[in-house]
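Chemist: The opening position of the sequence shown corresponds to residue -19 in my numbering, with each subsequent residue numbered one higher.
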Amino acid sequence: MLELPYLKVIGALLLLWIGVQLLIDTEDEGEVRAEGTMIAAIRTILVADLVMSLDNVIAVAGAADRAPEAYRVPLLIVGLAMSIPLIIVGSTLLMKVMERYPIIITLGAALLGWIAGQMLATDPALVEWFKANVPHAELVFGAVGAVVVVIVGRWMHQRQMSAEEALEPRHNSSR
-19 MLELPYLKVI GALLLLWIGV QLLIDTEDEG EVRAEGTMIA AIRTILVADL VMSLDNVIAV
41 AGAADRAPEA YRVPLLIVGL AMSIPLIIVG STLLMKVMER YPIIITLGAA LLGWIAGQML
101 ATDPALVEWF KANVPHAELV FGAVGAVVVV IVGRWMHQRQ MSAEEALEPR HNSSR
C-alpha cells in the first residue's frame, strides 16, 4: 500500500497536523491543562494512534500473507487482537510519562515532524525528483519537518494563549 503514489504525502500532512496539535494543546510550563485541553491532548494522541496503527495492520497482514493459506486468517485475527491492546496500554503508559516529563510532548511532536518529512521525501511519486535535486532529501526534509512542527506548534499555542487572555474578564480593583 505504501507504494501508492501520494499516499505518503497524505500521511506526512496528517503527521504534521498531529505534531502541531500536540504542541497547541500544551501549556507554556509544559503541563497539560485540565479543563478542556487534557481531553484535546488525549483526542490528538488517539487520532495519532489510529493513523499510525495503519502500518501495524499492514505489517500483521504482510506477516499473515507469508503463512500457508489455511493459517492466514487466524494469524491475521490473532495478530490484530494482540496488537490493539498493546497500542492502548502503550498509549496509557506514555500519557503518564508525558504528565511527569512534559518535554516529551515537544520531543514527540518533533519526531512526528521528522517522520513526516522523511515520508514526504520517500513518496513513490516524488522520490526520483528528490534524489535528482535534493542531496540527502530524507535527512533534509526530516529536519525541516521537525523544526516546522515545533515552530508552528509553539507559535499557534502562543496565539491561542493570547486570545484566551484577551477573553478573560478583567478584575476592576477601583470599586
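All C-beta atoms in this analysis are idealised placements derived from N, C-alpha and C, irrespective of residue type, glycine included.
These numbers come from a predicted model, not from an experiment.
What number of angstroms, rounded off, separates the C-alpha of Pro(-15) from the C-alpha of Ile95?
Modeler: Residue mapping note: residue -15 aligns to position 5 of the sequence shown, counting from 1. Residue mapping note: residue 95 aligns to position 115 of the sequence shown, counting from 1. Near 17 angstroms, if we compare the C-alpha coordinates of Ile95 and Pro(-15).
Chemist: Does the distance from the C-beta atom of Gly133 to that of Val0 stay below 8 angstroms?
Modeler: Position 153 of the sequence shown, counted from the first residue, corresponds to residue 133. Position 20 of the sequence shown, counted from the first residue, corresponds to residue 0. Yes, they are a contact pair.
Chemist: Does the ligand SAM have a heavy atom nearer than 7 angstroms to the CB of Ala96?
Modeler: In the structure shown, the ligand SAM is absent, as is every other ligand, since no ligand is present at all.
Chemist: Using the C-alpha atoms, what's the distance from Gln138 back to Gly42?
Modeler: In the sequence shown, the residue the question calls residue 42 occupies position 62. In the sequence shown, the residue the question calls residue 138 occupies position 158. Each residue's Cα considered, the two are about 44 angstroms apart.
Chemist: According to DSSP, is His116 part of a helix, a strand, or is it coil?
Modeler: What you label residue 116 is simply residue 136 of the sequence shown in a count that begins at 1. Three-state result, His116: coil.
Chemist: Could you check where the alpha helix (DSSP H) with Ala101 kicks off and where it finishes?
Modeler: Translated into the one-based positions of the sequence shown, residue 101 becomes position 121. That run of the alpha helix (DSSP H) goes 83 to 101.
Chemist: Who are the Cβ neighbours of Leu92 in its own chain at under 7 angstroms, not counting the five residues just before and after it?
Modeler: Your numbering for residue 92 matches position 112 in the sequence shown. Around Leu92: Leu(-5), Ile(-2), Gly(-1), Val129.
Chemist: Count the CB pairs spanning the stretch 113 to 123 and the stretch 95 to 105 that are closer than 8 angstroms, and state whether there are at least three.
Modeler: These segments touch.
Chemist: May I ask you to report which of helix, strand or coil DSSP gives Ala50?
Modeler: Position 70 of the sequence shown, counted from the start, is the residue given in the question as residue 50. If DSSP states are grouped into helix, strand and coil, Ala50 belongs with the helices.
Chemist: Does DSSP put Ala146 in a helix, in a strand, or in coil?
Modeler: As a first step, residue 146 must be located in the sequence shown, where it is residue number 166. It is helical.
Chemist: Which stretch, first to last residue, makes up the alpha helix (DSSP H) that contains Leu(-5)?
Modeler: Reading the sequence shown from its first residue, position 15 is the one you call residue -5. Run containing Leu(-5): -13 to 4, per the alpha helix (DSSP H) assignment.
Chemist: Alpha carbon to alpha carbon, what distance is there between Pro48 and Pro82?
Modeler: Numbered from its first residue, the sequence shown carries residue 82 at position 102. Numbered from its first residue, the sequence shown carries residue 48 at position 68. Between Pro82 and Pro48, the C-alpha separation is close to 46 angstroms.
Chemist: When DSSP labels each residue in this structure, what does Glu(-17) get in the three-state scheme?
Modeler: Working through the sequence shown from its first residue, we reach residue -17 at position 3. Correct three-state label for Glu(-17): coil.
Chemist: Using only the alpha-carbon positions, how far apart do Gln140 and Ile131 sit?
Modeler: Residue numbering aside, residue 140 sits at position 160 when the sequence shown is read from its first letter. Residue numbering aside, residue 131 sits at position 151 when the sequence shown is read from its first letter. Near 14 angstroms, if we compare the C-alpha coordinates of Ile131 and Gln140.
Chemist: Using 10 angstroms around the beta-carbon of Gly70, count the other beta-carbons present and answer buried if the total reaches 16, otherwise exposed.
Modeler: Reading the sequence shown from its first residue, position 90 is the one you call residue 70. So Gly70 counts as exposed.
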